[in-house]
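S.K.: Numbering (our numbering), first residue to last: 226 to 707. For glycine and all other residues, C-beta sits at the position ideal for the given N, C-alpha and C. Please read through the structure below; I'll follow up with questions.
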């Protein structure tokens, strides 16, 4: 894995690999990047043996994160970890992927404090760039069989640690490069979390693998992001729908032009049609939708940059084969079924070529476009009637004063479950439950009308910052219905 990634970043040593800011002095060329990786790899402690644990990378600085991840893979597997959180969160991560070493750039971060409390070795990185130090010599060969670990969200169950090996990673990177026609002229705007496959595999490694560059920006620092957009001129950006919405707002409100932009790509959540319309109208480039998972990085399916896209779908499968099946692997009902996948980037298959369940619900149309409608665990079973939350939420968002809507199950003594709806008003506006109910009565069949509508300032999140539909009834303190 280490040699593969070092080869991936290889190229003309003077070619720019990263833009850490908008100034010429903020550029890091490929030679400097490779040298920083080797320097750190030399400094890191060697594993205690074949069974030694992984290196957790819990680094805030985005450039140091990339350096540390590749360097760590020379001696052991690496796991990409959020730097802050309660001790219990890190205990859960450690149960899934025990660390022998934690790499951080802040000794006071949550991950570092957890490691000290649990007796795990901590290696603190200093300095965003280390170009004044001589490059040491790597002795011996890298440890074989190392993998890159990503943690799944754990919204519907225990946290899972997914190990992506060299073959999975290579397939994912080449798949993204081919689908998006990436070249050495392209610059990726990197704003997605690097602990996710979207941020690290798609936004960073695929860009470098195509010979291009990466411009790091913090969405929370509006001035920096605007300077990157105008002075560096990224040509593409892969982010979540909420990430794209934030960038669109910052660029639009700043009255800026994004002249070099070629396309935008969204994944990691439902992409509302209205966001596509707003972004494409403003930037004049396509915002394409893609489907990927921690267990299948890069892409499972994606819309194309040219040709028919069919809004509301995640495009057609290419890197993966996709099959939609009913319960027990039977033929799906007319409304769709569970999505099963297999392909070279699927990391959780017991053997190459095995089919893997995704837990997502969807349907394939006659033209091969995949439409996702929800998660198996999110389906609300109302007395045998299956209600897909996204359908209810899409109808609620048609209300002009509704900013967000989340459908969720409420326990019911007779039906088992019934539909609840949490509604968040737009800033400065008031939403009446009666007006939302009238809208839903006009848009949905009677059996899908929510029994309870809650107006709230924000939707409660679980301990990992995710919406947990099955926990919302308790979080909103709703009593079971009869």
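1) Closest to residue 673 by CA distance: which of 547, 309 and 616 is it?
2) Could you round the C-beta distance between residue 564 and residue 574 to whole angstroms and report it? I think they count as a contact, below 8 Å.
3) Would residue 613 and residue 586 qualify as a contact pair, given that the criterion is a beta-carbon distance under 8 Å?
4) Looking at the unbroken beta strand (DSSP E) that takes in residue 496, where does it start and where does it end?
5) Between the C-alpha atoms of residue 449 and residue 477, what's the straight-line distance to the nearest angstrom?
6) For residue 494, collect the residues of the same chain with a Cβ closer than 6 Å to its Cβ; drop the 5 residues on either side in sequence, then sort them by chain order.
7) Between the C-alpha atoms of residue 651 and residue 280, what's the straight-line distance to the nearest angstrom?
8) Should residue 507 be labelled buried (16 or more other beta-carbon atoms within 10 Å of its own) or exposed?
9) Return yes when the Cβ of residue 420 is within less than 8 Å of the Cβ of residue 227, no when it is not.
10) What residue does the beta strand (DSSP E) around residue 369 start on, and which one ends it?
11) For residue 585, list the residues DSSP reports as bridge partners.
12) May I have a chain-ordered list of the alpha helix (DSSP H) segments no shorter than 4 residues that lie completely inside the region 428–473?
13) Pick out the complete beta strand (DSSP E) segments inside the region 602–629, 3 residues or longer, and give them in chain order.
14) Should residue 334 go down as buried or exposed, given a rule of 16 or more other Cβ atoms within 10 Å for buried?
15) Specify, as a first and last residue, the run of the alpha helix (DSSP H) that residue 348 falls within.
16) Flag this pair as touching only if the region 588–600 and the region 663–670 have three or more C-beta atom pairs under 8 Å; answer yes or no.
17) On the three-pair Cβ rule with 8 Å, is the region 292–304 touching the region 249–266?
18) For my contact list, residue 347 and residue 329 are in at a C-beta cut-off of 8 Å; report their separation, rounded to the angstrom.
19) With three or more beta-carbon pairs closer than 8 Å as the criterion, would you say the region 520–529 touches the region 537–546?
20) Residue 666 by DSSP, collapsed to three states: which one?
21) Just the Cα atoms here: how many angstroms apart are residue 283 and residue 406?
22) Rounded to a whole number of angstroms, what is the C-alpha to C-alpha distance between residue 416 and residue 277?
23) What does the alpha-carbon distance come out to for the pair residue 518 and residue 324?
24) Is residue 565 helix, strand or coil by DSSP?
25) Using only alpha-carbon positions, find the residue among 241, 233, 647 and 472 that is nearest to residue 486.
26) Quick one: which unbroken beta strand (DSSP E) runs of 3-plus residues sit fully inside the region 276–327? Chain order, please.
27) Going by C-alpha to C-alpha distance, which of 316, 248, 459 and 640 sits closest to residue 611?
28) Run through DSSP, which three-state label would residue 381 get?
29) Identify whether residue 641 lies in helix, strand or coil by the three-state DSSP scheme.
30) Between which two residues does the alpha helix (DSSP H) containing residue 247 stretch?
31) Using C-beta distances below 6 Å, list every residue in its chain close to residue 304, excluding the 5 sequence neighbours before and after it, in chain order.
32) Determine the contact status of residue 632 and residue 622, defining contact as a CB-CB distance below 8 Å.
33) So, are the CB atoms of residue 709 and residue 439 less than 8 Å apart?
34) Would residue 505 be called buried (16 or more neighbouring beta carbons within 10 Å of its own) or exposed?
35) Can you tell me whether residue 503 is helix, strand or coil according to DSSP?
36) Among residues of its own chain, excluding the 5 on either side of residue 708, which ones have a beta-carbon nearer than 7 Å to its beta-carbon?
M.R.: Per the coordinate set shown:
1) The residue labelled residue 673 in the question sits at position 448 within the chain shown. Considering only alpha carbons, the answer is 616.
2) Residue numbering aside, residue 564 sits at position 339 when the chain shown is read from its first letter. Residue numbering aside, residue 574 sits at position 349 when the chain shown is read from its first letter. That pair is no contact at about 15 Å.
3) In the chain shown, the residue the question calls residue 613 occupies position 388. In the chain shown, the residue the question calls residue 586 occupies position 361. Yes, they are a contact pair.
4) Reading the chain shown from its first residue, position 271 is the one you call residue 496. Careful: residue 496 lies outside any beta strand (DSSP E) and carries neither H nor E.
5) Mapped onto the chain shown, residue 449 falls at position 224. Mapped onto the chain shown, residue 477 falls at position 252. The alpha-carbon atoms of residue 449 and residue 477 are separated by roughly 15 Å.
6) In the chain shown, residue 494 corresponds to position 269, counting from 1. Closer than 6 Å at Cβ, skipping near neighbours: 465 and 466.
7) Here residue 651 corresponds to residue number 426 of the chain shown, with the count starting at 1. Here residue 280 corresponds to residue number 55 of the chain shown, with the count starting at 1. Answer to the nearest angstrom: the Cα atoms are 43 Å apart.
8) Position 282 of the chain shown, counting from 1, holds the residue named residue 507. Residue 507 is exposed by the Cβ-count criterion.
9) Residue numbering aside, residue 227 sits at position 2 when the chain shown is read from its first letter. Residue numbering aside, residue 420 sits at position 195 when the chain shown is read from its first letter. Residue 420 sits away from residue 227, with the two beta carbons spaced by 8 Å or more.
10) Taking the chain shown and counting its residues from 1, the one referred to as residue 369 is at position 144. No beta strand (DSSP E) contains residue 369, which DSSP labels as neither H nor E.
11) For the purposes of this step, residue 585 is taken as the residue at position 360 of the chain shown. Residue 585 pairs with 600.
12) Contiguous alpha helix (DSSP H) elements confined to the region 428–473 occur at 431–434 and 447–452, taking only those with 4 or more residues.
13) 605–607 and 610–612
14) Here residue 334 corresponds to residue number 109 of the chain shown, with the count starting at 1. With 16 or more Cβ atoms within 10 Å of its Cβ, residue 334 is classed as buried.
15) As a first step, residue 348 must be located in the chain shown, where it is residue number 123. It is not in any alpha helix (DSSP H) - residue 348 instead sits in the beta strand (DSSP E) that spans 346–349.
16) no
17) With contact defined as three or more Cβ pairs closer than 8 Å, the region 292–304 and the region 249–266 are in contact.
18) What you label residue 347 is simply residue 122 of the chain shown in a count that begins at 1. What you label residue 329 is simply residue 104 of the chain shown in a count that begins at 1. Taking 8 Å as the upper bound for CB-CB distance, residue 347 and residue 329 are in contact here, some 6 Å apart.
19) A contact exists between the region 520–529 and the region 537–546.
20) Locating residue 666 in the chain shown gives position 441, counting from the first residue. In this structure, residue 666 counts as helix in the three-state DSSP scheme.
21) Start at 1 with the first residue of the chain shown, and residue 283 comes out as number 58. Start at 1 with the first residue of the chain shown, and residue 406 comes out as number 181. Between residue 283 and residue 406, the C-alpha separation is close to 32 Å.
22) Counting from one through the chain shown, the residue named residue 416 turns up at place 191. Counting from one through the chain shown, the residue named residue 277 turns up at place 52. Between the alpha carbons of residue 416 and residue 277 lies a distance of about 33 Å.
23) Counting from 1 along the chain shown, the entry for residue 518 is found at position 293. Counting from 1 along the chain shown, the entry for residue 324 is found at position 99. Their backbone Cα atoms lie some 23 Å apart in a straight line.
24) Residue numbering aside, residue 565 sits at position 340 when the chain shown is read from its first letter. Residue 565: strand per DSSP, three-state reduction.
25) Here residue 486 refers to the residue found at position 261 of the chain shown. Considering only alpha carbons, the answer is 472.
26) 279–283 and 303–305
27) Reading the chain shown from its first residue, position 386 is the one you call residue 611. Closest by alpha carbon: 640.
28) Taking the chain shown and counting its residues from 1, the one referred to as residue 381 is at position 156. Residue confidence for residue 381 is low, a pLDDT of 48 falling below 50, so the modelled location carries little weight; the figure read from the coordinates is stated next. It is coil, neither helix nor strand.
29) As a working note, residue 641 is residue 416 in the chain shown. In the structure shown, residue 641 sits in a strand (DSSP, three-state: E or B).
30) Mapped onto the chain shown, residue 247 falls at position 22. Run containing residue 247: none; DSSP gives neither H nor E here.
31) Counting from 1 along the chain shown, the entry for residue 304 is found at position 79. Close CB contacts of residue 304 within its chain, under the 6 Å cut and outside five residues either way in sequence, are with 279, 281, 322 and 374 (chain order).
32) Along the chain shown, read from residue 1 onward, the residue named residue 632 stands at position 407. Along the chain shown, read from residue 1 onward, the residue named residue 622 stands at position 397. No, these two residues do not count as a Cβ contact at 8 Å.
33) Here the chain comprises residues numbered 226 to 707, so residue 709 is not present and cannot be evaluated.
34) As a first step, residue 505 must be located in the chain shown, where it is residue number 280. It is exposed - the Cβ of residue 505 has fewer than 16 other Cβ atoms within 10 Å.
35) Taking the first residue of the chain shown as 1, we reach residue 503 at position 278. Helix at residue 503.
36) No statement about residue 708 is possible, as the shown extent of the chain runs from 226 to 707 and does not include it.
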